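**Student:** Quick one: the structure is below, questions incoming.
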Amino acid sequence: MSGLNAKLAGQGRYFGTAVRHDQLAELPALRQAIVSNCGAITPEIELKWAALEWERGRFNFQPVDDLLAFADKNGLAVHGHTLLWGQSIPPWAQAHLEQHPGDWSIVATYMTTVLSRYRGRIHQWDLVNEAIDTSEQDNLRRNPFYKAFGPQYIERAMEEARAHAPDATFILNDYSLEYDNPVDNARRRAMLSLLEQHKRNGTAFEGLGMQAHLDLGKGHVNKRILRPFLEAVADLGMEIYISELDVQEADLSAPRDVRDQRVSDEVQRFLDIVLEVPNVKGVTTWGLSDNLSWLNSEEYKRLDVKGARSAENRGLPFDGCWFPR
Ligand code: XIL
Numbered sequence: 000m001s002g003l004n005a006k007l008a009g010q011g012r013y014f015g016t017a018v019r020h021d022q023l024a025e026l027p028a029l030r031q032a033i034v035s036n037c038g039a040i041t042p043e044i045e046l047k048w049a050a051l052e053w054e055r056g057r058f059n060f061q062p063v064d065d066l067l068a069f070a071d072k073n074g075l076a077v078h079g080h081t082l083l084w085g086q087s088i089p090p091w092a093q094a095h096l097e098q099h100p101g102d103w104s105i106v107a108t109y110m111t112t113v114l115s116r117y118r119g120r121i122h123q124w125d126l127v128n129e130a131i132d133t134s135e136q137d138n139l140r141r142n143p144f145y146k147a148f149g150p151q152y153i154e155r156a157m158e159e160a161r162a163h164a165p166d167a168t169f170i171l172n173d174y175s176l177e178y179d180n181p182v183d184n185a186r187r188r189a190m191l192s193l194l195e196q197h198k199r200n201g202t203a204f205e206g207l208g209m210q211a212h213l214d215l216g217k218g219h220v221n222k223r224i225l226r227p228f229l230e231a232v233a234d235l236g237m238e239i240y241i242s243e244l245d246v247q248e249a250d251l252s253a254p255r256d257v258r259d260q261r262v263s264d265e266v267q268r269f270l271d272i273v274l275e276v277p278n279v280k281g282v283t284t285w286g287l288s289d290n291l292s293w294l295n296s297e298e299y300k301r302l303d304v305k306g307a308r309s310a311e312n313r314g315l316p317f318d319g320c321w322f323p324r
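Right, here's the structure in full:
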């Protein structure tokens, strides 16, 4: 084994990347780079509810199955992303949740169908994605699941999930847990208390997913802040997955070599901290090359998340020219 996965595999960890089935089909160089560098893949879109069941009852499993076939052929694990995410609910389901609050049946059908189909093939799942919102009193985001079922939706999802995949690892995945600023600090506190609460209630998660969308506009990660958090999660008996690593640049006008060094330094700082903690089991980047990064997608630019960008963000391991479209 070589490439990025080699070192981590020696430590009982893995390196993985998010990838889409269409990219795999179109880009042989990308397939090769994944095989050489990764021990796992995460479907970037295909396992989200809106992608799977855009029309009620008509599941579109083919893209996931394509990704799984590639994974099987090359001995890669597959990270299931994601069961419940407020931003990826098919419109019909969203309408149903609004019109019939409390009716769990459509969530049950969806979860049962997906978990049973991939039982024994996908062993770890982001059960709930992006549940935290510290502007709410109970720190829980008012997503359509919360609105339909109240704060209990997370416990309920865990019970449902366990019933269909008793041996799987279920993960609470979230963002902005990495930096030393009032927002991230509050989010880490909220995350810890949510994890503790679930442990007390008998619906403990096996894992925490830290998306780790690093951001040079937020300064630098530091050990004084991150280490105690990682240890507190480990003390709860939980594993930690770095699930969507990439770097948002702050100054796209600097020379390329300067920019690349800044990106690589920040990743190095982050990995030096997290990989000291044995409970960190895997590191996944959100794509392998800059040109395939969601941060450079048209959608992202249109949303103008960080102001209009004039140059391509270079926050992933490979340069954009590696896997030309
Ligand atoms: C993003 C994908 O990268 C995009 O291609 C898609 O259009 C929207 O979702 N946090 C998550 C991921 O948990 O699922 C998101 O992925 C990026 C932010």
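Under numbering that gives the first Met the number 0, residues 0 to 324 are what the sequence shown spells out, in order.
Using N, Cα and C, we set each Cβ at its ideal position, and we do this for glycine too.
Please read these numbers as outputs of a predicted model, since none were measured by experiment.
May I ask which residues mark the beginning and end of the beta strand (DSSP E) holding Y178?
**Tutor:** Neither: Y178 is in no beta strand (DSSP E) and is coded neither H nor E.
**Student:** Count the other C-beta atoms from every protein chain shown that fall within 10 angstroms of the C-beta of K327, then say buried if there are 16 or more, exposed otherwise.
**Tutor:** The structure shown does not extend to residue 327, since the chain is modelled only from 0 to 324, so the question has no answer here.
**Student:** Would you call R57 buried or exposed, if buried means 16 or more other Cβ atoms sit within 10 Å of its Cβ?
**Tutor:** exposed
**Student:** So V63 is in the alpha helix (DSSP H); what residue range does that whole segment cover?
**Tutor:** Q61 to K72
**Student:** Between which residues of its own chain and I44 is the CB-CB distance below 7 Å, once the five residues before and five after are set aside?
**Tutor:** R19 and A50
**Student:** Closest by CA to R268, which one among A203, L215 and L114?
**Tutor:** L215
**Student:** Tell me whether S296, by its Cβ, gets closer than 7 Å to a heavy atom of the ligand XIL.
**Tutor:** yes
**Student:** Is M157 helix, strand or coil by DSSP?
**Tutor:** M157: helix per DSSP, three-state reduction.
**Student:** For F148, which of G101, N295 and K300 has the nearest alpha-carbon?
**Tutor:** For F148, the nearest C-alpha among the options comes from G101.
**Student:** Could you work out which residue in T202, E275, N200 and S115 is closest to A233 when comparing CA atoms only?
**Tutor:** E275
**Student:** Should Q247 go down as buried or exposed, given a rule of 16 or more other Cβ atoms within 10 Å for buried?
**Tutor:** buried
**Student:** Where in the segment 2-48 do unbroken runs of the alpha helix (DSSP H), each at least 4 residues long, occur, reported from the N-terminal end onward?
**Tutor:** As far as the segment 2-48 is concerned, its whole alpha helix (DSSP H) runs of at least 4 residues are 2-9, 20-25 and 27-36.
**Student:** My assumption, with CB atoms under 8 Å, is that M209 sits in contact with I170. Please give the rounded CB distance.
**Tutor:** M209 to I170, Cβ: 10 Å. No contact.
**Student:** Using the three-state DSSP reduction, which class does H163 fall into: helix, strand or coil?
**Tutor:** helix
**Student:** Let me check one thing: in DSSP terms, what residues is S252 bridge-paired to?
**Tutor:** The partner list for S252 (beta bridge, DSSP) is empty, contrary to what the question assumes.
**Student:** Within 10 angstroms of its Cβ, does Q123 collect 16 or more other Cβ (buried), or is it exposed?
**Tutor:** buried
**Student:** Of all the options S104, S288, E159 and V182, which has the alpha carbon lying nearest to the alpha carbon of E135?
**Tutor:** V182
**Student:** Spell out the partners DSSP gives E54 in its beta bridges.
**Tutor:** R57
**Student:** Mind checking who G208 pairs with in its DSSP beta bridge?
**Tutor:** N172 and Y240
**Student:** In whole angstroms, what separates the C-alpha of E195 from that of Y117?
**Tutor:** 29 Å
**Student:** Tell me the DSSP secondary structure of N142 in three-state form.
**Tutor:** coil
**Student:** Based on Cα-Cα distance, which residue from R261, P277, R255 and S292 lies nearest to L7?
**Tutor:** P277
**Student:** For V113 and I88, I'd like the C-alpha separation in whole angstroms.
**Tutor:** 14 Å
**Student:** In the structure shown, what three-state DSSP assignment does G79 receive?
**Tutor:** strand
**Student:** Closest Cβ-Cβ distance between F69 and chain B: below 8 Å?
**Tutor:** This model lacks chain B altogether, as it is built from one protein chain only.
**Student:** Below 8 Å between beta carbons: does that hold for H80 and P27?
**Tutor:** no
**Student:** For the ligand XIL, I want to know if H80 counts as a neighbour, meaning its beta carbon is within less than 7 Å of at least one of the ligand's heavy atoms.
**Tutor:** The answer is yes for H80.
**Student:** Terminal residues of the continuous alpha helix (DSSP H) containing T284?
**Tutor:** Careful: T284 lies outside any alpha helix (DSSP H), inside the beta strand (DSSP E) at V279 to T284.
**Student:** What's the gap between the Cα of V63 and the Cα of E238?
**Tutor:** Their backbone Cα atoms lie some 25 Å apart in a straight line.
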